[in-house]
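Below is one structure, written out as structure tokens; the observations come after it.
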Amino acid sequence: MTLLQTLLRKVLPAAGLLTLALHPIPSFAQVTLGVSDWPGWVAWYVAEKEGYFKKYGADVKLVWFPDYMTSVNALSAGQIDANCQALIDTLSPVEKKVPAKVILVTDNSAGNDALMVRNSIKTFPELKGKTVGVEIGSIENYLAATALKMHGMGEKDVNFVNMSTGDAAAALIAGKVPAAGVWNPWIERIQQHKAGHPLFTSKSAPGLIPDVVYARDAALAAHRKDFVGMTKAWFAAVKFIEANPMKAAEIMAPHVGLKPQEYALSLAGTKLFGAKLNLEAMGKSTAPVSLYVSTAATGDFLVSQKAITATPDPAGFIDAGIVKAAMKP
795 MTLLQTLLRK
805 VLPAAGLLTL
815 ALHPIPSFAQ
825 VTLGVSDWPG
835 WVAWYVAEKE
845 GYFKKYGADV
855 KLVWFPDYMT
865 SVNALSAGQI
875 DANCQALIDT
885 LSPVEKKVPA
895 KVILVTDNSA
905 GNDALMVRNS
915 IKTFPELKGK
925 TVGVEIGSIE
935 NYLAATALKM
945 HGMGEKDVNF
955 VNMSTGDAAA
965 ALIAGKVPAA
975 GVWNPWIERI
985 QQHKAGHPLF
995 TSKSAPGLIP
1005 DVVYARDAAL
1015 AAHRKDFVGM
1025 TKAWFAAVKF
1035 IEANPMKAAE
1045 IMAPHVGLKP
1055 QEYALSLAGT
1065 KLFGAKLNLE
1075 AMGKSTAPVS
1085 LYVSTAATGD
1095 FLVSQKAITA
1105 TPDPAGFIDA
1115 GIVKAAMKP
């Protein structure tokens, strides 16, 4: 799902461990927020650069994790106060009763995740019996399974082969597999090589892939004022990015080693959530953006993968109180 995360997970594990070593157990002197390589999370550096944390009285330290899953584990272990992570990676900690709550929705993937296929494949029926390179159990696996279901097919209609996102993209480019589940920048790279096109993207499945801030209960109790200010800073950053996308890309791109023009493409495939969308997302409704809807669908997938035993009740792990407080003058 995230930019270069699968590749970085393979080549930079030591860097993730170093991050943990530098930022062990939070001291409650300030809020530590885990951030990794995804536009909806790198956007926090806009809040930092533009001075929004200071403006809204939020004492926040952004902790960079080159290895995304290290950040998820760090939050569960109590080594950071809050973390930016995908909902799909939050349901397992919820089931394990990690004392934490989802307090903010940063974004929804809106085109940055895709099922890419060789140019000769134009329809889903043409995929039947063919190999799809994908990291089993990942967001890309989930997206592909959802796409198949939406087109009257099932996972058994294709041959999912487990491989990292980078390897899947390379295999499609080399003509070794006819399809691959990838995210940007792999989507762009496949298209640049004229090796394939998107048969389905997350833009066609609003609300399917939400990303959130998951915060530990102890930190919320000790730093509620900072979390409210942090959320106000987020809303201000979203407005800035929407009004100044290229300037925002210039702030964000250096953190992930890309050029601003390249990063702008990934930013365009991410729907950032301001205050209004957060209220919709955290409310119990049938709207696509509602975490109640996405939790049910994501939970079904994770249960089928035996990653969790049952879908958690969103009411037990969503706390809309910080968002509501941040919306007050």
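Residue numbers for the sequence shown, in this note's numbering: 795 to 1123.
Where a beta carbon is used, it is the ideal one built from N, C-alpha and C, also for glycine.
As the structure is a computational prediction, the values presented were derived from the model and not from experiment.
As assigned by DSSP and simplified to three states, the class of Tyr1008: Position 214 of the sequence shown, counted from the first residue, corresponds to residue 1008. If DSSP states are grouped into helix, strand and coil, Tyr1008 belongs with the strands.
Since Asp1005 and Thr1089 should fall inside the 8 Å C-beta cutoff, what is the C-beta to C-beta distance between them, to a whole number of angstroms? Position 211 of the sequence shown, counted from the start, is the residue given in the question as residue 1005. Position 295 of the sequence shown, counted from the start, is the residue given in the question as residue 1089. About 13 Å separates the two Cβ atoms, so there is no contact after all.
Can you tell me which of the three DSSP states Ser903 falls into? Start at 1 with the first residue of the sequence shown, and residue 903 comes out as number 109. Ser903 falls in the strand class under three-state DSSP.
Could you tell me the alpha carbon to alpha carbon distance between Lys988 and Pro1082, rounded to whole angstroms? Locating residue 988 in the sequence shown gives position 194, counting from the first residue. Locating residue 1082 in the sequence shown gives position 288, counting from the first residue. Roughly 33 Å separates the two Cα atoms.
Quick check: what's the CA-CA separation for Asn906 versus Ile1045? The residue given as residue 906 occupies position 112 in the sequence shown. The residue given as residue 1045 occupies position 251 in the sequence shown. Spanning the two alpha carbons is a distance of roughly 20 Å.
Where Lys916 falls, given that 16 or more other Cβ within 10 Å makes a residue buried: Numbered from 1 along the sequence shown, position 122 holds the residue referred to as residue 916. Exposed, because fewer than 16 other Cβ atoms sit within 10 Å of the Cβ of Lys916.
Ignoring anything shorter than 4 residues, give me the alpha helix (DSSP H) runs that lie fully in the stretch 976-1000, in order along the chain. Entirely contained in the stretch 976-1000, the alpha helix (DSSP H) runs reaching 4 residues are, in chain order, 980-986.
Helix, strand or coil at Gln879 according to DSSP, with G and I counted as helix: For this step, residue 879 is matched to residue 85 along the sequence shown. Strand, per DSSP.
7 Å CB neighbourhood of Val840 in its chain, flanking five on each side removed: Along the sequence shown, one-based indexing puts residue 840 at 46. Only Ala1031, Phe1034, Ile1035, Ala1042, Ile1045, Met1046 meet the Cβ criterion.
Which two residues bound the contiguous alpha helix (DSSP H) that contains Trp858? Indexing the sequence shown from 1 puts residue 858 at position 64. Looking at the DSSP string, Trp858 is not in any alpha helix (DSSP H); the run it does join, the beta strand (DSSP E), is 854-858.
For the 8 Å Cβ check, are there 3 or more pairs between the stretch 1054-1065 and the stretch 863-871? By the Cβ test, the stretch 1054-1065 is not in contact with the stretch 863-871, since fewer than three Cβ pairs between them sit closer than 8 Å.
Below 8 Å, how does it come out for the stretch 934-954 and the stretch 963-975: are there three or more Cβ pairs, yes or no? Output reads yes: the stretch 963-975 touches the stretch 934-954.
CA-to-CA distance, Leu942 to Pro919, given in whole angstroms: Working through the sequence shown from its first residue, we reach residue 919 at position 125. Working through the sequence shown from its first residue, we reach residue 942 at position 148. Spanning the two alpha carbons is a distance of roughly 9 Å.
For the beta strand (DSSP E) that contains Gly927, what are its first and last residues? Against the sequence shown, residue 927 aligns to sequence position 133. Start and end: 925-928.
Since Met910 contacts Pro992 with CB under 8 Å, what's their CB separation in whole angstroms? Residue 910 sits at position 116 when you count from the first residue of the sequence shown. Residue 992 sits at position 198 when you count from the first residue of the sequence shown. Contact flag correct, Cβ pair sits at about 6 Å.
Whole-angstrom distance between Pro1048 and Val1007, CA atom to CA atom: Here the question's residue 1007 lines up with position 213 in the sequence shown. Here the question's residue 1048 lines up with position 254 in the sequence shown. Using only the alpha carbons, I get a separation of about 23 Å.
Does the distance from the CB of Lys895 to the CB of Ser870 come in under 9 Å? In the sequence shown, the residue the question calls residue 895 occupies position 101. In the sequence shown, the residue the question calls residue 870 occupies position 76. It is not a contact, given that the beta carbons lie outside the stated cut-off.
Is there contact here, the stretch 949-961 with the stretch 1110-1121, by at least three beta-carbon pairs under 8 Å? Judged by Cβ distances under 8 Å, the stretch 949-961 makes no contact with the stretch 1110-1121, as fewer than three pairs qualify.
Once DSSP output is grouped into helix, strand and coil, what is the label at Met910? Stepping through the sequence shown from its first residue, residue 910 is reached at position 116. If DSSP states are grouped into helix, strand and coil, Met910 belongs with the strands.
Of the residues Ser998, Asp961, Lys997, Ile1003, the one placed nearest Ile984, counting alpha carbons only: Here residue 984 refers to the residue found at position 190 of the sequence shown. Nearest option by C-alpha distance: Asp961.
Per-residue burial, Pro893 [other beta carbons within 10 Å of its own, 16 or more giving buried]: The residue labelled residue 893 in the question sits at position 99 within the sequence shown. The residue in question, Pro893, is exposed, as its Cβ has fewer than 16 Cβ neighbours within 10 Å.
Out of Gly969, Trp858, Thr1092, Thr959, state which residue places its alpha-carbon closest to the alpha-carbon of Asn978. Residue mapping note: residue 978 aligns to position 184 of the sequence shown, counting from 1. Closest by alpha carbon: Thr959.
For Val1087, I'd like the list of residues in its chain whose CB is within less than 8 Å of its CB, leaving aside the five on either flank, ordered along the chain. As a working mapping, residue 1087 is identified with position 293 in the sequence shown. Only Gly1001, Ser1079, Thr1080, Ala1081 meet the Cβ criterion.
Specify whether the stretch 1064-1071 and the stretch 875-884 touch according to this definition: at least 3 beta carbon pairs, one from each stretch, less than 8 Å apart. Not touching, per the Cβ criterion.
Excluding the 5 residues preceding and the 5 following Leu1059 in the sequence, name in chain order all residues of the same chain whose CB lies nearer than 8 Å to its CB. Taking the sequence shown and counting its residues from 1, one reaches residue 1059 at position 265. Closer than 8 Å at the Cβ level, and outside the excluded window around Leu1059, lie Asn978, Pro979, Glu982.
Short of 7 Å in beta carbon distance, which residues of its chain neighbour Thr1064, apart from the five on each side in sequence? Order them along the chain. Translated into the one-based positions of the sequence shown, residue 1064 becomes position 270. Excluding positions up to five away in sequence, the list reads Pro833, Gly834, Asp901, Ser903, Ala904, Asn906.
Can you tell me whether DSSP reads Thr1145 as helix, strand or coil? Because the chain here runs from 795 to 1123, residue 1145 falls outside it and cannot be looked at.
Sub-9 Å separation of Val825 and Asp853 beta-carbons: Numbered from its first residue, the sequence shown carries residue 825 at position 31. Numbered from its first residue, the sequence shown carries residue 853 at position 59. Closer than 9 Å, so yes.
CB-CB under 8 Å to Arg912, same chain, minus the five flanking residues each way: which ones, in chain order? Start at 1 with the first residue of the sequence shown, and residue 912 comes out as number 118. These residues qualify, in order along the chain: Leu966, Gly969, Pro972, Ala973, Ala989, Gly990.
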